[in-house]
């Protein structure tokens, strides 16, 4: 089995592309799994506390937000 990543070139075409993929799935030609931007990849490793702190520091959020708020802003 091969896995492909499909991106609609124009935002206005996203709905059409989605309908085409759903039709192919109903016909049993493909297995369609929708993934969302920002979703955690299935094979990812969670960041360590040290890495999270480094990301917050590089984003320069520490002076303005608490650690919890910064994590929420950065989706960590």
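Numbering (this note's numbering), first residue to last: -19 to 56.
Every residue, glycine too, gets a C-beta built ideally from N, C-alpha and C.
The three-state reading of DSSP puts residue 37 in helix, counting H, G and I together. A Cβ-Cβ contact shorter than 8 Å links residue 32 with residue 51. CA-CA distance, residue 34 to residue 25, rounds to 16 Å. The DSSP-derived three-state label of residue -15 is coil. Shown here for residue 5: same chain residues with a beta carbon closer than 6 Å to its own, the five before and five after excluded, namely 12 in chain order.
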